[in-house]
Amino acid sequence: MRTTIEKAAETYGVASWGSGYFDINRKGNLVVKPSESDDGIDLKDLVDDLTRRGLSAPLLIRFPQILTNQVKRLHRSFKSAIKEFDYGGRHRAVFPMKVNPMREVLEEFLREGGRYDYGLEAGSKAELYAALSMPQSSDGLLLCNGFKDAAFMEMALIGRLVGKNVIITLEKLSELKTALEVAERLGVRPAFGIRAKLYSKGSGKWEESGGESSKFGLTTSETLEVLRYLGDRDMLDTLKVLHFHIGSQITDIKRIKNAMKEAARVYAKIRQKGIQIEYLNVGGGMAVDYDGSRTSFESSANYSMEEFANDVIFTIKSVCDDEDVPEPNLITESGRIMSAYHAMLVVKVTEEIETYVEEVAPMLKVSSDDPTVVSELYDLHRSINSKNYREYYHDAQEHKEELFTMFNLGLISLEDRARGESLFWEVSAKALKYAQQAKYVPEEFEELKSVLAARYLCNFSVFRSVPDHWAIEQLFPVVPIHRLKEPASEFVTLVDITCDSDGRMDKFVDLHDVKQVLEIHAFDGSPYYLGIFLVGAYQEIMGNNHNLFGKPNEAHVVVDKGGAYHIKKTIPGSTIGKMIEYARYDREAVRERFSSMVDISVKNSDLDEEVGSRIKDLYDTHVEGITYLV
Ligand SMILES: *Cc1c(COP(=O)(O)O)cnc(C)c1O
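Going by our numbering, the letters in the sequence shown line up with residues 2 to 631, in that order.
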């Protein structure tokens, strides 16, 4: 017989999406294994420890060792593919800053990645400005993608003057002229890449980032124009890179192979013109298998990092052999797969919000003076069974409509309405029970399941911490970090504390489908924590200030060889003062205005002087409070 823990592992798919970094221990707690080697650390112990130190949930926990481990995996994958296929070029990786620009993330990447000449990709002036300050290995690349003006070019080129290997990727024809003007003014030899439009597209949500109608890249004739322009000026040697990026989270390996074929042909044809392009940059797009299903579904990927590397190397090698040109050095710009795993959010359930309250026995009694609509609902409630449940459920829906119509016309009382509603939910719950015993569960009852599910109110903001769940319905694994020894008895959806009905999580990972409800434990009022995993890519930087909820508390944790954890750094979440400043309130002015309101009340004798001064003190203390519930 399977143990409850084994069952939990299956329910939440920890081994499927965890990529070896997460597990469940014998205590029924979630475990993190940043270095893959030993047993890992107990997440519940860590959260309790952090809570004692004043860092309560919502809590963003970063495991920097997962970042370095991903760098090693990437390096290893390409190294072994290069060896296996006897590929003539090298592999260089860069981290695209837009995926997670936090300083600690970049520092970690560059520290460990220095051994593999890991580089950076900046897509805006602000990213480049920060990137220029980062110590990089002398061979590491600094690629500048994105649309550029003269100021962007100037920053890129002064980077070359201090010895950085900065390469300007041309996204538009006009950028070439701007770059050459600035380069001449500064007296520096530029280095260029060309971003070319491919006919091939990715797959999944970002399919339209590639293809002919893509926002980015040069058409074939524009590419030829760049070659002519540089050739006329005897500057073809400044062209170092041919670049493609067909979109993020490419779920289907076939699309990647097709794009590689096309990209390699373009490279080969240019190379045959005698232009010594050194690098072929295949962009990012390596997908994270958020749901663990290993399929081409939006939130998944039907390939591994090793397969990606093998297919890229093999495809490019085949085309180069066919065209009789040397294999290029290869650049990859994977971001999502590199940083997604390293960060997780711990949220605390604060309350259960029920759709209807069970066991309100008096509500279910009927009396002779009940309106007909209520007594009819009562009849349905009494005589619903496994044969008629579908029909009775439809009848109940009609009665509910009628109930509200009558209420709005002033024909029934609040008590009648309450009784009618309770009866309706009771009928629905019974219908759902019968539906689930049937062989085939009709769609309407699948929906009913999430309607009837309890909603767990969690202390966090979806908009701040998992914006992609709200914006594009991306799935993230959600797992209780403790109590996994107890069977999960409740079906719930999660709602956050923003005053926005979109602030909810009601789609969950599943190996075969998308779950509408999450199977978790009954909330009994004692601290109950859920982990939202794989939030290290895109979420932090795209998270917003909706409702003026700020950054959650944050901790950086490493695990030593003996299996003990060390809290390397803690960063308290944004204060109320900080958040009002975002909305352009001046802290001091706000304080003074409130204070003068109190003064006026005191002057008018509406307030006692002593009370007035206490109110002022209270108001002042809140400015340093956090924006979440405590
Ligand atoms: C966003 C982006 C990437 C990163 O893509 P991932 O899917 O996160 O790997 C790489 N290159 C360019 C040009 C990008 O715009």
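Just so you know, even glycine gets a beta-carbon here, dropped at the ideal spot from N, CA and C.
As the structure is a prediction and not an experimental result, all values here were calculated from the model.
**Message:** Using only CA atoms, which one of Ile332, His246, Glu109, Ala472 lies nearest to leucine 199?
**Reply:** Here residue 199 refers to the residue found at position 198 when the sequence shown is read from its first residue. For the residues Ile332, His246, Glu109, Ala472, the minimum Cα distance to leucine 199 belongs to His246.
**Message:** Please state the DSSP three-state secondary structure of cysteine 459.
**Reply:** Locating residue 459 in the sequence shown gives position 458, where the first residue counts as 1. Strand.
**Item:** Inter-residue CB distance, alanine 344 and arginine 63 (contact presumed, cutoff 8 Å)
**Value:** Numbered from 1 along the sequence shown, position 343 holds the residue referred to as residue 344. Numbered from 1 along the sequence shown, position 62 holds the residue referred to as residue 63. About 5 Å; that satisfies the 8 Å criterion.
**Within 8 Å, strictly: CB atoms of serine 204 and serine 300** = Here residue 204 corresponds to residue number 203 of the sequence shown, with the count starting at 1. Here residue 300 corresponds to residue number 299 of the sequence shown, with the count starting at 1. Not in contact: serine 204 and serine 300 (Cβ atoms no closer than 8 Å).
**Prompt:** So threonine 239 is in the alpha helix (DSSP H); what residue range does that whole segment cover?
**Reply:** Translated into the one-based positions of the sequence shown, residue 239 becomes position 238. Note, threonine 239: premise wrong, no alpha helix (DSSP H); not H, not E.
**Item:** Per DSSP, cross-strand counterpart(s) of histidine 567
**Value:** Along the sequence shown, one-based indexing puts residue 567 at 566. Beta-bridge pairing links histidine 567 to Val559.
**Item:** Close Cβ partners of lysine 202 (< 7 Å) along its chain, the five nearest in sequence each way excluded
**Value:** Position 201 of the sequence shown, counted from the start, is the residue given in the question as residue 202. Within the same chain, lysine 202 has close Cβ partners Glu208, Gly211, Gly212, Ile247, Arg256.
**Message:** Which residues neighbour ligand 1 when neighbourhood means a C-beta less than 7 Å away from any of its non-hydrogen atoms? List them by chain order.
**Reply:** These are the residues, in chain order, with a beta carbon less than 7 Å from any non-hydrogen atom of ligand 1: Pro97, Lys99, Val100, Glu122, Gly124, Asn146, His246, Ser249, Gln250, Gly284, Gly285, Gly286, Met287, Glu334, Ser335, Gly336, Arg337, Ile338, Ala538.
**Message:** For the region 482-501 against the region 29-39, do three or more pairs of beta-carbon atoms, one drawn from each stretch, fall closer than 8 Å, so that the two count as touching?
**Reply:** Verdict: yes, contact present.
**Message:** Using CA atoms only, rank isn't needed, just tell me which of Ala397, Glu474, His513 is closest to methionine 506.
**Reply:** Stepping through the sequence shown from its first residue, residue 506 is reached at position 505. Selected option, being the one with the closest Cα: Glu474.
**Message:** Here's the rule: buried if 16 or more other CB atoms are within 10 angstroms of the residue's CB, otherwise exposed. What is leucine 381?
**Reply:** Locating residue 381 in the sequence shown gives position 380, where the first residue counts as 1. Flag for leucine 381 reads buried.
**Prompt:** Short check: CB of tryptophan 18 to CB of aspartate 290, under 8 Å?
**Reply:** Taking the first residue of the sequence shown as position 1, residue 18 is located at position 17. Taking the first residue of the sequence shown as position 1, residue 290 is located at position 289. Contact flag set, yes.
**Request:** Go ahead and pull the three-state DSSP assignment for cysteine 145.
**Result:** By one-based count along the sequence shown, residue 145 stands at place 144. Strand, per DSSP.
**Through-space distance from leucine 158 to lysine 704, alpha-carbon basis** = For the chain, the structure presents residues 2 to 631; residue 704 sits outside this window and is missing.
**Item:** Cβ neighbour criterion (16 or more within 10 Å) applied to asparagine 1
**Value:** Here the chain has residues from 2 to 631 only, and residue 1 is not among them.
**Request:** Quick one: residues in its chain with C-beta nearer than 7 Å to the C-beta of aspartate 396, no 5 flanking neighbours on either side, listed in chain order?
**Result:** Numbered from its first residue, the sequence shown carries residue 396 at position 395. Correct list, in chain order: Leu381.
**Residue range of the alpha helix (DSSP H) that includes isoleucine 6** = Within the sequence shown, the letter at position 5 stands for residue 6. Element bounds for isoleucine 6: 5-13.
**Message:** Is there a Cβ of chain B sitting closer than 8 Å to that of histidine 244, yes or no?
**Reply:** Looking for chain B here will not work: only one protein chain is present.
**Request:** Assign proline 468 to one of two classes, buried (16 or more other C-beta atoms within 10 Å of its C-beta) or exposed (fewer than that).
**Result:** By one-based count along the sequence shown, residue 468 stands at place 467. It is buried - the Cβ of proline 468 has at least 16 other Cβ atoms within 10 Å.
**Contact the region 177-196 vs the region 139-154: 3+ CB pairs below 8 Å** = With the cut-off at 8 Å, the region 177-196 and the region 139-154 touch.
**Residue nearest to glycine 41 in terms of C-alpha spacing, selected from Glu444, Val558, Gly124** = Taking the sequence shown and counting its residues from 1, one reaches residue 41 at position 40. Checking every option, the nearest Cα to that of glycine 41 belongs to Val558.
**Prompt:** Unbroken alpha helix (DSSP H) runs of length 4 or more, entirely within the region 194-274: which are they?
**Reply:** For secondary structure counted as the alpha helix (DSSP H) over 4 or more consecutive residues, the region 194-274 holds these complete runs in sequence order: 221-233, 254-273.
**Message:** According to DSSP, threonine 333 sits in a beta bridge with which residue or residues?
**Reply:** Here residue 333 refers to the residue found at position 332 when the sequence shown is read from its first residue. Ala94, per the DSSP bridge assignment.
**Length of the line joining the Cα atoms of lysine 604 and glutamate 593** = Along the sequence shown, one-based indexing puts residue 604 at 603. Along the sequence shown, one-based indexing puts residue 593 at 592. One C-alpha to the other measures close to 16 Å.
**Message:** Does the region 613-622 come into contact with the region 543-555, if we say contact requires no fewer than three beta-carbon pairs (one atom in each stretch) closer than 8 Å?
**Reply:** Touching, no, given that fewer than three Cβ pairs across the two stretches are closer than 8 Å.
**Prompt:** Going by the beta-carbon positions, is the gap between phenylalanine 23 and valine 72 smaller than 8 Å?
**Reply:** One-based indexing of the sequence shown puts residue 23 at position 22. One-based indexing of the sequence shown puts residue 72 at position 71. Contact flag unset, no.
**Prompt:** How many Å lie between aspartate 39 and aspartate 46 at the Cα?
**Reply:** Taking the first residue of the sequence shown as 1, we reach residue 39 at position 38. Taking the first residue of the sequence shown as 1, we reach residue 46 at position 45. When rounded, the distance between both Cα atoms is 17 Å.
**Message:** So, with DSSP's three-state summary, where would you put glycine 633?
**Reply:** In the structure as shown, the chain starts at 2 and stops at 631, and residue 633 therefore has no counterpart that could be examined.
**Asked** Quick one: Cα of serine 81 to Cα of glycine 578, how far?
**Response** In the sequence shown, residue 81 corresponds to position 80, counting from 1. In the sequence shown, residue 578 corresponds to position 577, counting from 1. Between serine 81 and glycine 578, the C-alpha separation is close to 52 Å.
**Request:** Over the uninterrupted beta strand (DSSP E) stretch that includes lysine 355, give me the two end residues.
**Result:** The sequence position of residue 355 within the sequence shown is 354, counting from 1. Checking the displayed sequence, the identity of residue 355 turns out to be glutamate instead of lysine. Here glutamate 355 belongs to no beta strand (DSSP E), and DSSP marks it neither H nor E.
**Message:** Here's a check: name, in chain order, each residue in its chain whose Cβ is nearer than 6 Å to the Cβ of glycine 124, leaving out the five neighbours to either side.
**Reply:** Residue numbering aside, residue 124 sits at position 123 when the sequence shown is read from its first letter. Within the same chain, glycine 124 has close Cβ partners Lys99, Asn146, Gly147.
**proline 136 burial status per 10 Å Cβ neighbour count (16 or more: buried)** = For the purposes of this step, residue 136 is identified with residue 135 of the sequence shown, where counting begins at 1. So proline 136 counts as exposed.
**Request:** Please list the segments of the alpha helix (DSSP H) lying wholly inside the region 146-191, counting only runs of 4 or more residues, in order along the chain.
**Result:** Counting only runs that start and end inside the region 146-191, the alpha helix (DSSP H) elements of at least 4 residues fall at 151-162, 174-187.
**Exposure label - alanine 341; buried when at least 16 CB within 10 Å** = Residue 341 sits at position 340 when you count from the first residue of the sequence shown. By the Cβ-count criterion, alanine 341 is buried, with 16 or more other Cβ atoms from all chains shown falling within 10 Å of its own Cβ.
**Request:** List the DSSP bridge partners of isoleucine 25.
**Result:** Residue mapping note: residue 25 aligns to position 24 of the sequence shown, counting from 1. Isoleucine 25 pairs with Leu31.
**Request:** Mind the definition here: the region 447-459 touches the region 492-505 only if three or more C-beta pairs lie below 8 Å; say whether that holds.
**Result:** Contact holds between the region 447-459 and the region 492-505, because three or more Cβ pairs, one in each stretch, are under 8 Å apart.
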